[in-house]
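Position 182 of the sequence shown, counting from 1, maps to 182 under the UniProt record's numbering, and the rest follow consecutively.
These notes are about the structure you will find just below.
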Amino acid sequence: MSNHLPPRRTVPVRAWLLSVTGLAVVASLVMWHAQLVDLLDFDTSADKRPVVASGPGGSPPPVVEVSKSTPPPVKPSKTPARKPTKTPTRFSSGYSEEDIDGLSLKLRTRLQKAITAAKADGVRISITSARRSAAKQTRLLREAIAKYGSYKAATRWVLPPEQSAHVQGKAVDIGPQAAMVWLNKNGWRYGVCRRYDNEPWHFEALTTPGNRCPAREPHAVAKAD
Ligand SMILES: [Zn+2]
């Protein structure tokens, strides 16, 4: 019997040692996980703070105050981020290419009447391009030459800035399709006419209100220098 006891003692000791080291390893792993969870909890709790604050209500007043003070600094940081994106598209005079304000008084006045009449017919006319800067027109022409392969082909779509009615504020491109159709049909009443066969979106003040529009041109043609 006595011979059997030592091995029986050593086995529990080894088992105890193994279990202790095992527990230590497990404990360290648990601690490590706990730290990770804490880190994750910090991140998620920060995101969920407004939701949590709205749930409990008045139980934690200081938390509510913190959550209320947090949104304001976020909002101003978003607004200045949006403003710079709009600024480059604006001219120094303050209007953008999509603004009707950049157009000549004649075209603007006529177009405003047409927009009002179209609205009464359930058609919304939106401005896609009104007055352009010479720099923008030059860039569009450069892109068109790359696309169509030659200056002559490109100027069927994009005239050089010194010849472009857009740069002078005397042309407007509109959309969507329903608006093009409406203005092509009714624009003469307001003196606004589609000019080119290849550009259903492009309109100019080409007639006096109430009179027929002149015959359309197949496409734009750049004048020789
Ligand atoms: Zn146009």
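Positions of the beta carbon are idealized from the N, C-alpha and C atoms, including for glycine.
Is residue i near ligand 1, with its Cβ less than 7 Å from a heavy atom?
i      : result
ASP173 : yes
SER133 : no
HIS166 : yes
HIS202 : yes
GLU162 : no
GLU199 : yes
PRO96  : Sequence inspection shows Ser at residue 96; the Pro mentioned does not correspond to that position. Because no heavy atom of ligand 1 lies under 7 Å away, the Cβ of SER96 does not count as near it: no.
SER129 : yes
Nearest-angstrom Cα distance between residue i and residue j?
i      : j      : result
VAL51  : GLY122 : Since pLDDT at VAL51 reaches only 35, below the 50 mark, its modelled position is unreliable, and no value is offered.
ALA144 : GLY175 : 21 Å
PRO214 : ARG195 : 8 Å
LYS136 : ASP197 : 23 Å
PRO80  : ARG139 : The predicted model places PRO80 with a pLDDT of 44, which falls under 50 and marks its position as unreliable; any figure quoted below should be read in that light. Straight-line Cα distance between these residues: approximately 27 Å.
ARG216 : TRP182 : 16 Å
MET180 : ALA220 : 18 Å
ASP41  : ALA130 : Note that ASP41 has pLDDT 36, beneath the 50 cutoff, so the model's placement of it is unreliable and the number below is only indicative. If I take the Cα positions, the gap works out to 52 Å.
CYS193 : ALA205 : 6 Å
Thinking just about the alpha-carbon of each residue, which of the options is nearest to the one in residue i?
i           : options                        : result
ILE100      : ARG216, PHE203, HIS219         : PHE203
residue 240 : GLN177, VAL167, ALA222         : Only positions 1 to 225 of the chain appear in this structure, which leaves residue 240 out of reach.
ILE115      : ASN198, ASN186, ASP197         : ASN186
GLY102      : TRP182, ILE127, LYS113, ASN198 : ILE127
GLN177      : ARG124, LYS119, TRP157, CYS193 : ARG124
ALA224      : ARG132, ARG142, TYR151         : TYR151
LEU159      : PRO209, LEU111, GLU199         : GLU199
May I ask which residues mark the beginning and end of the beta strand (DSSP E) holding residue i?
i      : result
THR128 : 126-129
GLU199 : Note, GLU199: premise wrong, no beta strand (DSSP E); not H, not E.
Looking at the secondary structure, which residues open and close the alpha helix (DSSP H) in which residue i lies?
i      : result
ILE100 : Per DSSP, ILE100 belongs to no alpha helix (DSSP H) and is neither H nor E.
VAL181 : 177-186
GLU143 : 134-148
ALA165 : Looking at the DSSP string, ALA165 is not in any alpha helix (DSSP H), and its letter there is neither H nor E.
ALA153 : 151-154
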